[in-house]
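Basically our numbering = 1-based index in the sequence shown + 760. C-beta: ideal position from N, C-alpha, C; glycine also.
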Amino acid sequence: MGDDQDAISSANLAYLTALHEQWLEDPHTVDPTFADLFSTLGLGLPVSSSTTTHNTVSTSHDDALRAAYRQRGHVMAQLDPLGLTNHRPPAELTPEGANPTLRAALQRAYCGTLAVEFMHIQDPDKRQWWIERFEQPQPTTPATEFILSALTAAEGFETFCQKRFKAMRRFGLEGGESLVVALRAILEHAADDQTDSMSIGMPHRGRLNVMANVLRKPFEAIFNEFRGGSFKPEDIDGSGDVKYHLGTATTITRQGHDIRVSLLPNPSHLEAINPVVLGRIRADQDQNTNPRHHHRHSTTRGDKHLGVLVHGDAAFAGQGVVYETLMLSQLAGYRTGGTIHLIINNQIGFTTVPEDGFSGTRGTDIAKSIEAPILHVNGDDPEAVFRAAALAYEWRKAFQSDIVLDIVCYRRFGHNETDEPAFTQPTMVRAIRARSSVRRLYADSLIQRGIMSEAHIETLWNNAQSILETAYSAAPDYRPDPTEWLDTPQNPTRLEDEPERIQPMTGVPLKRLRLAADGLSTIPEGLTIHPRLARQILARGDAIAAGKPLDWASCEALAFGTLSMDGHPVRLSGQDSRRGTFSQRHAVLIDQETGREETPLANLAPHQAPLHFWNSPLSEYAVLGFEYGYSLGNPDALVVWEAQFGDFVNGAQIILDQFIASGETKWLRTSGLVLLLPHGYEGGGPEHSSARPERILQLCAENNLRVCNISTPANYFHALRRQIARRCRKPLVVFTPKSLLRHKETVSPLEDMGPQTRFHPVLPDPDYNADATKIILCTGKVFYDLLAERRSAQKDNVALIRLEQLYPFPGRELQQELTRYPNAQEVLWCQEEPQNNGAWHFVDRRIERVLTEMKLPVQRPVYIGRASAASPATGLAQLHTWQQESLIKTAIGTA
């Protein structure tokens, strides 16, 4: 009987194996009973064995094979539409004695035109999620009409533009048209889930196509921009930007629900838009939830606001901001519920091949650092792209975390349409020129499968071209509307500015100030805080009760607290900003026994707006970009980024250059973002002395920024409140003090922040003497050094005038102050910074203009300060002291 049973078992196994192979090819051709069995078992087959040992060995071999394909199957996937890659199968995918049926099934699951990397994820439930979706057949109905329509629109647009604007750069999508399939699929899923907004950030490759065929920007508008149009430059305020950098937005309605779809404007600097998009989304999410409940362990769900970032393959691997942005994804102060990353993988960066573009297995390896799953898909299989997009959306929705979709495609033309790619990639170019477009390939497959006719496909194409021709004819008469560039309907007053001489009243009723001050000087009940900090808080309370003046940190807290009580959210982030780099802020108190956190400012009144302080990761580029994006999303919030030391802003210079300084003139985007940059020469060396004000001032033009070097806590209080009080929104850069945080002279009485008080761009000499003959102009901390030397030497003939605001330059206020000194014979500019740094080269001619208009005896200011230097400061303590004493004494006249 044993031999007969073995024979029957072998026959059954052979039958099941054949049936399983048929099920793998087409589940619908198999008896439903067996189909259910195979689906339940996944890829596994019942194993017949005469001995338990043999069964254990077979199962072990099968498990090892499964593990190998899950880990390494993507290496053998059929991803390159050009067929130029030639991977040798890893040995673990072709072991001797492997179950051929299982191996074939695994090959189909993991090595086709869609592959996945997920075994780097530590959570077993998340790994199982992918196993189920790849190893068990999923009920799918190919959306053939949807896919062909997207490809027809994408290719039709590029073909038309190539015909009509042949010699013009547009950074077209030819070869990567499946991107439109992916974006439209994600958008459909988001609309079905009644998502409120979908924000997209992307570089220039394919940007015009996405504008036209995903965000529905009128073809007439795009063609008008190509043709130059008939409008005059003055029709649009600002400098504008090239067409493939602009943003646009649309509202799509599905079943009575509107979803706002935005493409944020982006400069050519590749990935700089990434953190800006996330900040923009977080602002929307915070306004739709109750952000007062956010803490480090809470989860920000992104159900209503979705972020999609499109990357270039070389940029994703090469730009450091990609990692900085990924790293924000699960941090309490920055998470947005997961981002979908799409890579247009042209398999080349300008002329650089992948072998020279990154280290590692794939250019997407950086995403593994946050355990993001990575889907790779052949861009010439649009149905696989459609499925991948659905999986990406489903993953993000399920786990509120990032995912990468790498669309492997090619670039039919060069880096731009006037480039010749064959200079450097002849083999690739030959393969591209021999290959039909993805639309044509897909159309042919639909015909072969009997799904569509050639006539229907041709009709779709002709209709699309007809629409484009009509739009092209109407383009010359199209009148551009600047709001087409905007991602949100903006209040027109945000783009206007009151005359610069107007400083709004920003004082607060004393009763309200005292209410906020009481909150600052009270230790929350039941909270055990550090004894030194407790003494500091109680001392602050005693000072307030006694009517004594308040220090810098206290006045800052009063600004934050009163704005919050006025209904304006406050958000401050930066490296160690909760405590403050100089242990001055202590905005969040920590229980010394339990670790419980309390933010006293957030509990001043029952209905105040949310107020949050976040310690940021050690990132400047991404975090500043994030906060800029946040400020765009909520212009009624005070959004503040603080550098740990002023020079740290160097790492975020790209955000300053590309967005903060020029965003309004290029894209009509207004921002009230505040940058706090510690600055001052106290012997801290070259890296911790200067916030490089010369760089900030060089960016100032067209009333684009407010730049201040403030010397009194009350003026700082007013500068912060002014950001909200004025109708317009302008970024504010404040060079904040270090030693002055505890300087006995750097204090302000509560009355200086009370009713009928405001920001003063120029401050008078506290020891005013109308007979002074020497006027010293200065800004910031050096004023206190000059004041101490003058008082010590009793040089009453010297007057000290402070420029608290450097831009817009307060010429009128300076002139008013100078008129108080009719006997002035000389005017000096004194600064701590080297002559080629600091404000000197910015203010010298502006001061000269004021002096000339006043017809004073002296027409130009004289420079007093450190000599020009390659490094912003010395690192030698003795040399610093000598330099500082020398410049102060020279200015006062005691040298």
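TODO: Assign residue 969 to one of two classes, buried (16 or more other C-beta atoms within 10 Å of its C-beta) or exposed (fewer than that).
DONE: buried
- [ ] Alpha carbon to alpha carbon, how far is residue 1161 from residue 1353? Give it in angstroms, no decimals.
- [x] 33 Å
Open item on the list: For residue 976, which residues in the same chain have their Cβ closer than 6 Å to its Cβ, ignoring the five residues on either side in sequence?
Closed with: 1010
TODO: Report the partner residues of residue 1073 according to the DSSP bridge assignment.
DONE: In the DSSP output, where bridge partners are listed per residue, residue 1073 has none listed.
TODO: Return the CA-CA distance between residue 1214 and residue 1203, expressed in angstroms with no decimal places.
DONE: 8 Å
Open item on the list: For residue 1509, count the other beta carbons within 10 Å of its own beta carbon; 16 or more makes it buried, fewer makes it exposed. Which is it?
Closed with: exposed
Open item on the list: In the DSSP assignment, the alpha helix (DSSP H) including residue 1587 goes from what residue to what residue?
Closed with: Run containing residue 1587: none in the alpha helix (DSSP H); it sits in the beta strand (DSSP E), 1586-1594.
- [ ] Report buried or exposed for residue 708, applying the criterion of at least 16 other Cβ atoms within 10 angstroms of its Cβ.
- [x] The question about residue 708 has no answer here: the residues shown for the chain are numbered 761 through 1655.
- [ ] May I ask you to list the residues that DSSP assigns as paired with residue 1538?
- [x] In the DSSP secondary-structure assignment, residue 1538 is bridged to 1562.
Open item on the list: Rounded to the nearest angstrom, what separates residue 871 and residue 834 at their Cα positions?
Closed with: 6 Å
TODO: Answer with buried or exposed for residue 1298, where buried requires no fewer than 16 other C-beta atoms within 10 angstroms of its C-beta.
DONE: exposed
Open item on the list: Check for me: the alpha helix (DSSP H) holding residue 918 runs from which residue to which?
Closed with: In the DSSP assignment, residue 918 falls within the unbroken alpha helix (DSSP H) covering 904-924.
TODO: Could you tell me which residues DSSP puts in a beta bridge with residue 1567?
DONE: DSSP lists 1467 as partners of residue 1567.
Task: Residue interval of the alpha helix (DSSP H) (run including residue 1275) - done: 1270-1280
Task: Of the residues 1422, 1406, 1568, the one placed nearest residue 1435, counting alpha carbons only - done: Ranking 1422, 1406, 1568 by Cα distance to residue 1435 puts 1406 first.
Task: Helix, strand or coil at residue 1265 [DSSP, three-state] - done: In the structure shown, residue 1265 sits in a strand (DSSP, three-state: E or B).
Task: From 1469, 973, 1534, 1593, residue whose alpha carbon lies closest to that of residue 1569 - done: Of 1469, 973, 1534, 1593, the residue nearest in Cα terms is 1469.
Open item on the list: Residues in the same chain with beta-carbon distance under 8 Å from residue 1413, minus the five sequence neighbours each way, listed in chain order, please.
Closed with: 1455
TODO: In the DSSP assignment, find the unbroken beta strand (DSSP E) run with residue 1103 in it and report its ends.
DONE: Per DSSP, residue 1103 belongs to the beta strand (DSSP E) from 1099-1105.
- [ ] Since I believe residue 1571 is in contact with residue 1610 (beta carbons under 8 Å), could you give me their beta-carbon distance rounded to a whole number of angstroms?
- [x] 5 Å
Open item on the list: Once the 5 residues before and after residue 1623 are set aside, which same chain residues still bring their CB inside 7 Å of it?
Closed with: For residue 1623, where only same-chain residues beyond five positions count, the Cβ hits under 7 Å are 1589, 1595, 1600.
- [ ] Compare the C-alpha of residue 1563 against each of 960, 1553, 1538 and name the closest.
- [x] 1538
TODO: Sort out for me which residues DSSP pairs residue 1427 with in a bridge.
DONE: Residue 1427 is not bridged to any residue.
Task: Reduced DSSP category for residue 1111 - H, G, I as helix; E, B as strand; rest coil - done: coil
Task: Exposed unless 16 or more other CB atoms sit within 10 angstroms - verdict on residue 1473 - done: buried
TODO: State the DSSP-derived secondary structure class of residue 1283, mapped to helix, strand or coil.
DONE: coil
Task: residue 814 versus residue 1374 - alpha carbon distance - done: With a pLDDT of 42 at residue 814, under the threshold of 50, the modelled position of this residue cannot be trusted; read the value that follows with caution. Residue 814 and residue 1374: Cα-Cα distance of roughly 59 Å.
Task: Which listed residue (1552, 1532, 1549) has its alpha carbon closest to that of residue 1578 - done: 1532
- [ ] List the endpoints of the continuous beta strand (DSSP E) containing residue 1023.
- [x] 1017-1023
Task: residue 866 beta carbon less than 8 Å from that of residue 893 - done: In this structure, the beta-carbon distance from residue 893 to residue 866 does not fall below 8 Å.
TODO: Please classify residue 938: does DSSP put it in a helix, a strand, or coil?
DONE: helix
- [ ] Quick one: using the 10 Å Cβ neighbour count with 16 as the cut-off for buried, is residue 1528 buried or exposed?
- [x] exposed
Open item on the list: Restricting to Cα atoms, I'd like to know which of 863, 919, 1068, 1116 is closest to residue 1153.
Closed with: 1068
Open item on the list: On the CB-based measure, 16 or more other CB atoms within 10 Å of its CB, does residue 936 come out buried or exposed?
Closed with: In the assembly as shown, residue 936 is a buried residue. Its beta-carbon has 16 or more other beta-carbons within 10 Å.
TODO: Just the C-alpha distance for residue 1411 and residue 1437, rounded to the nearest angstrom, thanks.
DONE: 13 Å
Open item on the list: Looking only at its chain, what residues have a beta carbon closer than 6 Å to the beta carbon of residue 1014, apart from the 5 residues adjacent to it on each side?
Closed with: Counting only Cβ-Cβ distances below 6 Å, and skipping sequence neighbours, we find 951.
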